[in-house]
Amino acid sequence: MMRWSNYYLPTLKEDPAEAEVISHRLLMRAGMIRKLTAGVYTYLPQGLRCLDKIARIVREEMNRAGALEVFMPTVQPADLWKESGRWDVYGKELLRFQDRHGRGCCLGPTHEEVITDLVRGEIKSYRQLPINLYQIQTKFRDEIRPRFGLMRGREFIMKDAYSFDKDDAGADRSYQSMFDAYMRIFTRLGMVFRAVEADSGPIGGSFSHEFMVLASTGEDTIAVCTACDYAANLEKAEAVVRGAGDDAQCPPAELVLTPGRHTVEEVTAFLEVGPEKLIKTLLYEADGQAVAALVRGDRELNEIKFKNLLGAKFLTMAAPEQVRVWSGAPVGFAGPVGLNVDAVWADRELGLSRDWITGANQGDAHLLHVDLSRDAKINGYADLRQVTREDPCPRCGAGLELPKGIEVGHVFKLGTKYSEAMDAQYLDEEGKARPMIMGCFGIGVSRIMAACLEQNNDEHGAMFPPPIAPFQIELIVLNVKSRELMQQAENLHHQLETMGFEVLMDDREERPGVKFKDADLIGLPGQLILGEKGLARGVLEAKSRKTGQRSELALDDVQAQVRTWWQGILADWGLHAS
RNA sequence: CGGGAUGUGGCUCAGCUUGGUAGAGCGCAGCGUUCGGGACGCUGAGGCCGGAGGUUCAAAUCCUCUCAUCCCGACCA
368 MMRWSNYYLP TLKEDPAEAE VISHRLLMRA GMIRKLTAGV YTYLPQGLRC LDKIARIVRE
428 EMNRAGALEV FMPTVQPADL WKESGRWDVY GKELLRFQDR HGRGCCLGPT HEEVITDLVR
488 GEIKSYRQLP INLYQIQTKF RDEIRPRFGL MRGREFIMKD AYSFDKDDAG ADRSYQSMFD
548 AYMRIFTRLG MVFRAVEADS GPIGGSFSHE FMVLASTGED TIAVCTACDY AANLEKAEAV
608 VRGAGDDAQC PPAELVLTPG RHTVEEVTAF LEVGPEKLIK TLLYEADGQA VAALVRGDRE
668 LNEIKFKNLL GAKFLTMAAP EQVRVWSGAP VGFAGPVGLN VDAVWADREL GLSRDWITGA
728 NQGDAHLLHV DLSRDAKING YADLRQVTRE DPCPRCGAGL ELPKGIEVGH VFKLGTKYSE
788 AMDAQYLDEE GKARPMIMGC FGIGVSRIMA ACLEQNNDEH GAMFPPPIAP FQIELIVLNV
848 KSRELMQQAE NLHHQLETMG FEVLMDDREE RPGVKFKDAD LIGLPGQLIL GEKGLARGVL
908 EAKSRKTGQR SELALDDVQA QVRTWWQGIL ADWGLHAS
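Structure, rendered in structure tokens:
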């Protein structure tokens, strides 16, 4: 039995100055979290209850899918990371430190190394496979810029699962099983979400899906087909080449002076042509190599696509000094003709025409009538650009929408990257040693709490979906000083708990207005209001936080009436009684 | 790491331009009146003005440095 007067639920009347997005504001105001330092938060009782609800659902579905729960350490030895090769690859996001003996350590941002190390010591035979181990644990990633409260913290809670299979087919089954589990999890959590194809790095294929909660404050953009079920992260979404090729002969290239015009807008305005006539030449350094990417003037390069195409570990935009060396001109005048780089890649779309405008690789000049096949050395044509709203769905050709999403889950087929690097092998039926095929599957447990509030709120406060609400019902006692009313309330509270409800009773000596405001703010799905006027008539008032709908329940038939009322609230959320 | 901003009772902020011994609202404690959508009155507690150094008779206020936080960008399986 929880009474507000004995609880620790500090609500805030005003928005904290530091909170920018709605979920952050509400988590603070509803007394669920408090910041300790940048990107690091304490969960107050109300926040912890919510977190536990989310974790419980995740656990249930993971267990149902046959995964086994473990609990790995947060502190990890550098040696393991050196073995996998990530000690040098993982950036400053990996918080490194030394223990008293000077041994390198880090706080785990993820646990591939630890789990691989665990499994390789124990699993030696194909008979022991497949296996899927998971944990719900605190991760630490020293983000350059933590922001938006729980949405992008440095310390956060994550469920991470790792599957080990003896062959590809098994790994695909593990993947599918996790995918299905994730669908169930996010459905049960009461969230509006999409599973989208995600960038899977050098592994390729569609072996990576992200689970995105749709919300305008999301940090990711996704491409969603308006007709079929195609959905992909913008990083991955394929740009379809449209329009007929133009094989008209291109006149000889011609140098034209464009003094001081270095942006696409400046150049095309000056030459009085549309930006789609121009080729943008973007210079990058990829693992020490100088490379150029060409896209149409009105397009954006998709760096992820480019990086994957090159198979590069690091891809950084060239500094102005490098641009000067490679192109022989200041930034803004680079072009593919005579460019001094190791490789030049063009977006597929550039194959459609043979008459382009490009930078001339000399200051204040551009070239007209550039035919890439005639005038430049192109290593190849590939899908390099960002998809736009004007592009068709790569599957069915219908239109695309580009909504924002919050990534709350990621399923990923790892392959043998870690098992090979760390020598996690088993003996197959023929006694041959083979690396295990791995998969990794993450869910941002604490982020879900924030994502949920991004999706479920109004001007009065939070609106928690019943499955993850800290309590299901708030019982508001209007006049605590009335002995009779309090007695009724205690009695009712007891009955509700007997019925299986989690109830927070607001028994504070506050004016009714304060309690109503707080109730809406903390957003428990059901509110039961017990006042003296109602009591005199033998009724209490019931309100659904989501719809705001009020009704009266007869006290002499409370249990049945509460049950029906609660069914209605579940229905408000599109849920069924469990 | 670049750009911008902000640090003043628990919270939200004013005061800084033009130096002169620190304010408001909310919250908190007490008393009284109120009591179905963040009441009102009175009384009271609570701040070495982020930190260090400097200028000055005198610094929240001016100068320098530093730390922290937030925003934009870059970055990020």
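Heads up: take any position in the first sequence, counting from 1, add 367, and you land on our numbering. Ideal placement from N, C-alpha and C gives every residue a C-beta, glycine not left out. As the structure is a prediction and not an experimental result, all values here were calculated from the model.
The DSSP-derived three-state label of Gly471 is strand. Take the alpha-carbon of Val437 and the one of Phe531: they are about 15 Å apart.
Check the Cα spacing between Tyr597 and each of Val563, Ser567, Pro687, Thr584: the tightest is with Val563. Sequence-distant Cβ neighbours of Ala657 in its own chain, meaning closer than 6 Å and more than five residues away, are Trp693, Val708, Asp709. Contact check between the segment 451-460 and the segment 472-484: three or more CB pairs, one atom from each, fall below 8 Å, which counts as touching. For the options Met684, Ala660, Lys680, the alpha carbon positioned closest to that of Glu652 is the one of Met684. Going by DSSP, Gly809 is part of the beta strand (DSSP E) stretching over 804-811. Just measuring C-alpha positions, the residue of Val925, Glu522, Phe673, Tyr493 sitting nearest Leu403 is Glu522. Within the same chain, and ignoring the five residues on either side of Asp887 in sequence, the residues whose Cβ sits closer than 6 Å to its Cβ are His827, Gly828. Shown here, Tyr374 sits in coil according to DSSP, grouped into three states, outside any helix or strand. Less than 9 Å divides the Cβ of Leu859 from the Cβ of Leu897. Listed in chain order, the non-local C-beta contacts of Ala422 below 7 Å within the same chain comprise Ile503, Val812, local neighbours out to five positions each way being set aside. Runs of alpha helix (DSSP H) with 4 or more residues, each lying fully within the segment 644-719, are found at 670-677, 687-694, listed in chain order. Only residues of its own chain outside the window of five on either side were considered, and among them Ile804 have a CB closer than 7 Å to the CB of Asp534, listed in chain order.
At the C-beta level, Asp874 and Arg370 come within 9 Å of one another. Asp614 and Glu757 have their C-alpha atoms spaced approximately 24 Å apart. Your pair Leu891 and Ile835 does not check out as a contact, with CB atoms roughly 11 Å apart and the cut at 8 Å. Around the Cβ of Glu643, a 10 Å sphere holds fewer than 16 other Cβ atoms; the residue is exposed. In the three-state DSSP reduction, Asp795 falls in the coil class, being neither helix nor strand. Around the CB of His391, 16 or more other CB atoms lie within 10 Å, so the residue is classed as buried.
Linking Lys526 to Tyr542 through their CA atoms gives a straight-line distance of about 16 Å. Beyond the five residues adjoining it in sequence on each side, Val634 comes within less than 7 Å, by CB distance, of Thr625, Arg628, Leu645, His733 in the same chain, given in chain order. The continuous beta strand (DSSP E) containing Ala590 extends over residues 587-592. Between the alpha carbons of Cys819 and Thr865 lies a gap of roughly 29 Å.
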